[in-house]
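J.: In full-length UniProt numbering, the protein residues as written are 1 to 190. Every residue, glycine too, gets a C-beta built ideally from N, C-alpha and C.
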Ligand code: HEM
Ligand code: HEM
């Protein structure tokens, strides 16, 4: 298991970054689409992948704690360093908050949670009308929904800043930040 070095990132960092990145972008896009168009057929898929990604997020946070933060490849201003730290923290917090709040909203709202057909939390049908569900805890369900919705918007903003930052490094600063995250060995400022 190779740890990161300043010039080259290890396979764990690369695999975990790209698995989580692709799944997060897909879940943010499908989440917004299905909620705005009431496409209920997508909900079970969204919940299944949402719970699955939580496993990778836990591994990723544990790996970041063991491995430390990435060393910058260049000699940047303190504002740039501060901004990149802020956005990385927002991304990490967002990737933890989204599965937790989604789970809380669905489970506490009485809708239940299944992962690829395996039921983790049963739905809670209304005895007087089995088409409807009864919340297990309406307040927690509401808090989960608010966090999921507003957390989603915040995370979309952070991802956009992050991608613009990566492109700025590659196209304007012409340094190895993006190439290093794609697996290349790069030169770093002394
Ligand atoms: C990293 C994981 C996840 C991401 C990035 C994500 C993202 C989103 C986004 C952006 C929305 C649209 C919010 C809105 O406009 O109301 C949404 C909706 C939703 N998500 Fe997630 N989600 C994730 C995980 C989960 C999980 C684990 C569950 C449940 C187990 C879940 C259940 C739902 C449900 C039920 C909705 C629809 C809410 C509504 O109808 O208003 N999500 N998700
Ligand atoms: C096309 C999309 C993406 C690109 C091009 C990209 C690119 C990069 C690059 C170049 C770095 C290294 C920064 C450095 O050396 O300081 C990085 C780190 C990071 N990225 Fe992304 N990224 C993308 C999507 C995402 C998404 C969607 C998330 C999470 C929601 C994310 C979370 C992170 C985090 C937390 C780090 C800090 C290092 C780590 O913990 O692995 N990225 N990204």
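Where does the unbroken alpha helix (DSSP H) through residue 65 begin, and where does it stop?
T.: Segment 43-67, the alpha helix (DSSP H) holding residue 65.
J.: From what residue to what residue does the beta strand (DSSP E) around residue 130 run?
T.: First-last of the beta strand (DSSP E) with residue 130: 129-133.
J.: Any beta-carbon of chain C closer than 8 Å to the one on residue 15?
T.: Of the protein chains in the structure, only one exists, and it is not chain C.
J.: Any heavy atom of ligand 2 within a distance shorter than 7 Å of the CB on residue 148?
T.: Answer for residue 148: no, Cβ out of range of ligand 2.
J.: Compare the beta carbon distance of residue 102 and residue 148 with 8 Å and say whether it is the shorter of the two.
T.: Going by C-beta atoms, residue 102 is nearer than 8 Å to residue 148.
J.: Got a sec: does ligand 2 put a non-hydrogen atom nearer than 7 Å to the Cβ of residue 99?
T.: Every heavy atom of ligand 2 is 7 Å or more from the Cβ of residue 99, so no.
J.: Tell me, to the nearest whole angstrom, how far the beta carbon of residue 184 is from that of residue 176; I am working on the premise that it is less than 8 Å.
T.: Confirmed, about 7 Å.
J.: Mind listing, in chain order, the continuous beta strand (DSSP E) runs of no fewer than 3 residues lying wholly within the stretch 57-121?
T.: The stretch 57-121 contains these whole beta strand (DSSP E) runs: 113-115, 118-121.
J.: Shortest alpha-carbon distance to residue 190 belongs to which of 21, 51, 73?
T.: For the residues 21, 51, 73, the minimum Cα distance to residue 190 belongs to 73.
J.: Are there any heavy atoms of ligand 2 lying less than 7 Å away from the beta-carbon of residue 25, as far as the coordinates show?
T.: Yes, the beta carbon of residue 25 sits closer than 7 Å to at least one heavy atom of ligand 2.
J.: With DSSP collapsed to three states, give me the class of residue 173.
T.: Here residue 173 sits in helix by DSSP.
J.: Taking three-plus beta-carbon pairs below 8 Å as touching, is the stretch 89-106 in contact with the stretch 45-59?
T.: Touching, yes, given that three or more Cβ pairs across the two stretches are closer than 8 Å.
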